[in-house]
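2 protein chains.
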Amino acid sequence: MQKATAEKSDPIAAQLAPVGRETVQDRVYSELRRALIGGLFEPSQVLTIRGLADALMTSTMPVREALGRLITEKALEALPNRSVRVPPITLERMDDLLRARILIEGEAIALAATRMNSRQISIIESMLGDWDEMRALKHKKDVDREVTLNQAFHFEIYRACGSAVLIPMIESLWLQSGPCIRVAIYAFSDAGEVDTAHYHRTIVKAIAAQDAKEARDALVADISRPFTFLRSKLEAEAKRGMSA
Amino acid sequence: MQKATAEKSDPIAAQLAPVGRETVQDRVYSELRRALIGGLFEPSQVLTIRGLADALMTSTMPVREALGRLITEKALEALPNRSVRVPPITLERMDDLLRARILIEGEAIALAATRMNSRQISIIESMLGDWDEMRALKHKKDVDREVTLNQAFHFEIYRACGSAVLIPMIESLWLQSGPCIRVAIYAFSDAGEVDTAHYHRTIVKAIAAQDAKEARDALVADISRPFTFLRSKLEAEAKRGMSA
DNA sequence: TTATTTGATTTGTGATCACACTTGCATTGA
DNA sequence: TCAATGCAAGTGTGATCACAAATCAAATAA
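Here the protein sequences come in this chain order: A and B. For the record, in the first sequence the residue sitting at position 146 is 146 according to our numbering, with numbers rising by one throughout. Each number in our numbering corresponds to the 1-based position in the second sequence with 244 added.
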């Protein structure tokens, strides 16, 4: 029988792209991740297996396994009733998440700053350009694209840190803070955009100069900003709740 | 109908302990975690759903979901053939794991050092005593108990750091380094025991003195030791492989 | 009107089945 | 003798079903 590996000597196989072997469960998992990081679900929202299966046009089986995986990485929460929901936002949890992100993403960007080659640096520089372009073109806020670009920019850098252990942890942290961040961006998108652009430019410049400390500091400022905004919003709401 | 929550005014309910509502899947997951952290599986060992289901005396359903969860936290590895195995040990991966553990567990113990109350401190002090007792009694090595005590000691401290985000990450790191550690302990248990005891005593003393830096340094030395041993062993094997 | 109960619907969990793919071994051919 | 072929057992994946627990709504009683 033909070998499964593409033979380099075979002129036909050279023309053929390998056909993916992704399972349905993998697609469901990726889709839910995307939705979570993008903040498509609201905090405290309850998700049902059959509901998601209908929405994703599949059976319950791949969905329940994907939900189980998301629960283990704390992207979702299993209630004692055995229903599953997006974790609610609390001040303590936000501070906890921010501290962990500063610690781990800070380490990753410091590593990346000393390891990125010129090709990788030019990629993130061009991403900066795409960003400016988008902001100039569209005056109304396009939060989805904003979130996607931001994610692509950061992970392009983290990927360069070369740690197969840190990167999944960072993904888990983004998964956990996704719903919070979305709320913050919605509330303060205009106020924060200019700062974001500034921090990102500082990051790129620091990496190009292989200045790990400067890169880390700029990153800390960048990821702290939405948390600070959200914190002030939550505190205002809590105060309003007290007086009511 | 009776409320599900225990009524404090009910004299009967006060006598009753809440009956757990653990699912079969949860038990399978916990059991596999225990086996992984304890190093009961060898690196590169392939696991089959039906095989585990037979061993655990359950059907395939809870096992496959537990395996999926362990794969997402990188405690197991999904091969392109769709079979799943314990990740093999490589030098790069070991260094990567150690760096992450130093970063995150170091932060956790520094936090704990400033937060542990006298009751919590006395608990870890008594664990030190249990340890000495065991070592005095049994001359032959009891690796299982050694690993269990070590885990209990460390996590008693980490729990006190009060971070619901960091602790699951540390659990994931232990899950990933479990198989490696077991190999190291087997190879070097006699050589390392006295060092382990010394580092643990230093940790307890530093925490009692609320000296975060000292506690972190001692922890780094403690968790680095098995990795250093294992590294030298792997390098020796690699050299032997070269000459053969 | 309000609190409680009863019944119907929804939901998660585990078992079983069907199917496709992989793996290992024996057979066949040169 | 050795490589290629073909068959059989093993394995993961997804669908479906049965059952128990939870939820919600209507109906009943105070």
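Built from N, CA and C at the ideal position, the CB exists for glycine as well.
For residue 169 of chain A, the chain B residues whose C-beta falls within less than 9 Å of its own C-beta are 344, 348, 413, 416 and 417, listed in chain order. Near chain A, meaning a CB-to-CB distance below 9 Å, the residues of the stretch 264-291 of chain B are 265, 267, 269 and 273. Closest by C-alpha distance to residue 199 of chain A, out of A:233, A:209, A:224 and A:240, is A:224.
Within 10 angstroms of the beta-carbon of residue 306 of chain B lie 16 or more other beta-carbons, which makes it buried.
In this structure the stretch 406-416 of chain B does not touch the stretch 368-378 of chain B; the number of beta carbon pairs closer than 8 Å is below three. Between residue 420 of chain B and residue 319 of chain B, the C-beta gap is smaller than 8 Å, which places the two residues in contact. The beta carbon of residue 303 of chain B sits no closer than 8 Å to any beta carbon of chain A. A Cβ-Cβ contact shorter than 8 Å links residue 212 of chain A with residue 110 of chain A. Looking at the DSSP output, residue 47 of chain A bridges to A:84.
Per the Cβ contact rule, the stretch 155-168 of chain A is not in contact with the stretch 176-185 of chain A (fewer than 3 Cβ pairs under 8 Å). Of all residues in the stretch 140-167 of chain A, only 163, 164, 165 and 166 place a beta-carbon less than 8 Å from a beta-carbon of chain B. In this structure residue 105 of chain A touches residue 219 of chain A by the C-beta definition: roughly 6 Å separates them, less than 8 Å. Secondary structure note for residue 394 of chain B: its alpha helix (DSSP H) is the uninterrupted segment 387-403.
Residue 360 of chain B is classed as buried because its beta carbon has at least 16 other beta carbons within 10 Å across all chains shown. Taking 8 Å as the threshold, the shortest C-beta distance from residue 68 of chain A to chain B falls below it.
Going by C-alpha positions, residue 30 of chain A is about 38 Å away from residue 479 of chain B. Listed by position along chain B, the residues whose Cβ is nearer than 7 Å to that of residue 97 of chain A are 409. Not flagged as an interface residue toward chain A: residue 458 of chain B, since no C-beta distance is shorter than 8 Å. Under the 8 Å criterion on CB atoms, residue 472 of chain B is classed as non-interfacial with respect to chain A. By the criterion of a C-beta distance shorter than 7 Å, residue 475 of chain B is surrounded in its chain by 335 and 338, once the five residues flanking it on both sides are discounted. Neighbours of residue 309 of chain B in chain A, taken as residues whose beta carbon is under 8 Å from its own, are 64, 65 and 68 in chain order. In this structure, residue 66 of chain A sits near residue 28 of chain A, with a CB-CB distance shorter than 8 Å. In the structure shown, the three-state DSSP call for residue 279 of chain B is helix. Counting other Cβ atoms within 10 Å of its Cβ, residue 351 of chain B reaches 16 or more and is therefore classed as buried. For residue 333 of chain B, no alpha helix (DSSP H) run applies, since DSSP gives it neither H nor E. Within the same chain, and ignoring the five residues on either side of residue 206 of chain A in sequence, the residues whose Cβ sits closer than 7 Å to its Cβ are 113, 214, 215 and 218.
Counting along the chain, residue 162 of chain A sits inside no alpha helix (DSSP H), nor does DSSP assign it H or E at all. For the pair residue 316 of chain B and residue 60 of chain A, the CB atoms are not nearer than the 8 Å cut-off.
For residue 59 of chain A, no alpha helix (DSSP H) run applies, since DSSP gives it neither H nor E. Each residue's CA atom was taken as its position, placing residue 25 of chain A and residue 210 of chain A some 41 Å apart. For residue 73 of chain A, at least one C-beta of chain B is nearer than 8 Å to its own C-beta. Between residue 294 of chain B and chain A, the shortest Cβ-Cβ separation is not below 8 Å. If you draw a straight line from the Cα of residue 340 of chain B to the Cα of residue 424 of chain B, it is about 13 Å long. Our two residues, residue 81 of chain A and residue 33 of chain A, have alpha carbons roughly 23 Å apart in a direct line. Bounds of the alpha helix (DSSP H) holding residue 372 of chain B are 362-381.
Taking CB atoms only, residue 351 of chain B has a neighbour in chain A less than 8 Å away.
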